[in-house]
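Numbering (this note's numbering), first residue to last: 6 to 491.
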């Protein structure tokens, strides 16, 4: 239904909606009953999903992007020293126990509410280690050389020249799960002259608000940066994230989380003309080479299962000629679980199960078509193991079923390692434990997220998205000869 001014004022149950150019879907009763004048309907062209954005969520997202856009126009007049001062002040406030006390208290309340609702709190809980990482990351940004306007390349044509120079992108929108530390990571885009809008999961919204009040806002003000340089989208609904990704004024939209929600956000951003960087489905693959050392293999498995994050071991492939490593793998998984006071769950194909003790419990059958499942676990490690014909077979399975993210091989044969590297279609490849894949740990740069290749290879940048990689290029001509012409 539409009003006289051509705006959608309501929906009818069974109303036909066209999507993808030649397909249709219909409005379900729940959507028809809850949709009101002023609300927005987003139709995902790829899937036909009908996404309801209430007017309040749309206003919240629009207001946050407004603030970030205004701040971006002002930020260009601020000095690099001011930006460095912001990061140092933000870090110092988090490091001050008195300033941090309200943040920890708010986080404890968030954790209690999430626990009472039966939701995971593993990534939500603000620990001393997480605070230390946030502080270290912010201080890294403060010490990083200024790169705004940096010259990338000069082409000298004699009587004139062209410079390729870095320039900020603009407003970067973030949607991420309840990890308080992402606040410090995402603020890194300010280093390169961009501004940010952050929409955090509802479980962590209390923590986020308190970080803004006691650390972020005072640090921006004290450095003389515009208040909207890093803006919290203060709305608990998922719809506000959808509304933000649908705002064509964003220069980049970054989604961190898992599964369908991240894929859906990416689709909304793309069809709205926004560049999208998705950091969702993960799970690493580890392959035992024919020349694998059993002790090194066991250590690689054990150290890849210390906690569940995107770079945790998810699938292990073992060649049939090295099936002796199946029990070694199982023992390593058990050791990782014991370290957490838990019992592991292992999904094994028929060939792998035939190599396990008959009385072994916690083993579930695995079909190769399920190798693409990313196991989500809290305390008890959960992983798949499959016996393959050879390393080439493992590479084929990895390229077909994995999210094309992290691939590792354990082998003492350098030729075997090189063939593996050449064959796997993944941005992160190693020869041991998988948990090295982290911007701050591996590259000394706080990351905004890690990109897999599920949706194609990335253009002209690596799989680690960081604040110092969020820029575009401008070209500046310097003409020495006033008579230059073509």
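Beta carbons: idealized from backbone N, C-alpha and C, even for Gly.
Asked                                                                                                                             : Found
Boundaries of the beta strand (DSSP E) in which residue 165 is found, first to last residue                                       : 165-173
Sheet register partners of residue 321 (DSSP bridge)                                                                              : 291 and 390
Local conformation of residue 161 per DSSP, three classes                                                                         : strand
Rounded distance between the beta-carbons of residue 169 and residue 455, thought under 8 Å                                       : About 27 Å separates the two Cβ atoms, so there is no contact after all.
Limits of the alpha helix (DSSP H) - the one that residue 57 falls within                                                         : Counting along the chain, residue 57 falls outside any alpha helix (DSSP H), though it belongs to the beta strand (DSSP E) covering 55-58.
DSSP three-state assignment for residue 477, whether helix, strand or coil                                                        : strand
Beta-carbon gap between residue 399 and residue 292 smaller than 8 Å                                                              : yes
Buried or exposed by the 16-neighbour rule on C-beta atoms within 10 Å, applied to residue 386                                    : buried
Exposed unless 16 or more other CB atoms sit within 10 angstroms - verdict on residue 383                                         : exposed
Three-state secondary structure (DSSP) of residue 413                                                                             : strand
Collapsed DSSP secondary structure at residue 215 in the structure displayed                                                      : helix
Residues that residue 200 bridges to, as DSSP identifies them                                                                     : 176
Contact under 8 Å by Cβ, residue 231 with residue 197                                                                             : no
Sub-8 Å separation of residue 282 and residue 131 beta-carbons                                                                    : no
4-residue-minimum alpha helix (DSSP H) runs that sit fully inside the region 77-150, ordered along the chain                      : 85-100, 102-121 and 133-148
In chain order, each alpha helix (DSSP H) run of at least 4 residues that lies wholly inside the region 351-381                   : 355-358
Residue interval of the beta strand (DSSP E) (run including residue 5)                                                            : Residue 5 falls outside the range modelled here, since the chain spans only 6 to 491, and no answer is possible.
C-alpha distance - residue 417 paired with residue 467, whole-angstrom precision                                                  : 28 Å
Residue 25 vs residue 50 beta-carbon contact at 8 Å                                                                               : yes
Integer Cβ distance of residue 390 from residue 334, believed to fall under 8 Å                                                   : 6 Å
From 211, 146 and 219, residue whose alpha carbon lies closest to that of residue 102                                             : 219
Close-in-space but distant-in-sequence residues of the same chain around residue 143 (CB under 6 Å, 5 per side omitted)           : 92, 95, 96 and 189
Pair within 8 Å by beta-carbon distance, residue 274 and residue 302                                                              : no
Start-to-end residues for the alpha helix (DSSP H) that takes in residue 448                                                      : Looking at the DSSP string, residue 448 is not in any alpha helix (DSSP H), and its letter there is neither H nor E.
C-alpha gap between residue 436 and residue 199, whole angstroms                                                                  : 36 Å
Integer-rounded CB distance, given that residue 356 should sit under 8 Å from residue 349                                         : Wrong, their Cβ atoms sit about 19 Å apart, outside the cutoff.
Straight-line gap, residue 267 to residue 488 (C-alpha atoms, nearest Å)                                                          : 55 Å
When 135, 429 and 44 are compared against residue 247, the one with the closest alpha-carbon                                      : 44
Beta-carbon contacts of residue 450 that lie in its chain and below 6 Å, excluding the five residues immediately before and after : 444 and 471
At least 3 beta-carbon pairs within less than 8 Å: the region 131-141 vs the region 63-75                                         : no
DSSP-derived helix/strand/coil call for residue 435                                                                               : strand
Same chain, Cβ closer than 7 Å to residue 175, five either side skipped, listed in chain order                                    : 77, 199 and 256
Simplified DSSP state of residue 460, which is helix, strand or coil                                                              : coil
Alpha helix (DSSP H) runs wholly inside the region 226-285, at least 4 long, in chain order                                       : 243-250 and 264-276
Of the residues 242, 404, 71 and 366, the one placed nearest residue 56, counting alpha carbons only                              : 242
Own chain, CB closer than 6 Å to residue 213, minus 5 neighbours either side, in chain order                                      : 205 and 237
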